[in-house]
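Last residue of the sequence shown: number 186 in my numbering, and the count goes up by one each step with no gaps.
Backbone N, C-alpha and C define an ideal beta-carbon position, used for all residues, glycine too.
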Amino acid sequence: MKLTFLGTGGVTAAPLPGCDCRACQRAQLNSGYARAPCSALIEFGRERILLDAGLPLLASRFPPGTLTRILLTH
Numbered sequence: 113m114k115l116t117f118l119g120t121g122g123v124t125a126a127p128l129p130g131c132d133c134r135a136c137q138r139a140q141l142n143s144g145y146a147r148a149p150c151s152a153l154i155e156f157g158r159e160r161i162l163l164d165a166g167l168p169l170l171a172s173r174f175p176p177g178t179l180t181r182i183l184l185t186h
C-alpha cells in the first residue's frame with residue numbers, strides 16, 4: 113500500500129488570494145510554505161482512492177477513469 117499526501121493545508125490553500133495573514137504572507141514569499149487543501153491518495157493493487165476532493169485542478173491531475181473511489185470525509 114502507498115499513501116501520498118497531496119495537500120496538508122486546512123480547508124483553504126495557502127496562500128489564499130487577498131489574504132494578508134502571516135501564513136499566507138510567508139507562503140507568498142517562499143513557495144516551500146505553500147499548502148494545498150488537505151487530501152491524500154491511497155494506492156494498493158489496482159485500487160486508487162482519493163481522500164477528499166477539494167484540490168484545485170482535480171480533473172487535470174486525475175483524468176476520468178484513473179481513480180477507483182473517492183472518499184469524502186467532511
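- Rounded to the nearest whole angstrom, the CA to CA distance from Gly121 to Cys133 is 14 Å.
- Secondary structure at Ala152: strand, using DSSP grouped into helix, strand and coil.
- CA-CA distance, Arg138 to Ile154, rounds to 30 Å.
- Close CB contacts of Cys150 within its chain, under the 8 Å cut and outside five residues either way in sequence, are with Gly119, Thr120, Gly121, Gly122, Val123, Asp164, Gly166 (chain order).
- For the 7 Å CB-CB criterion, Ile182 and Leu169 do not form a contact.
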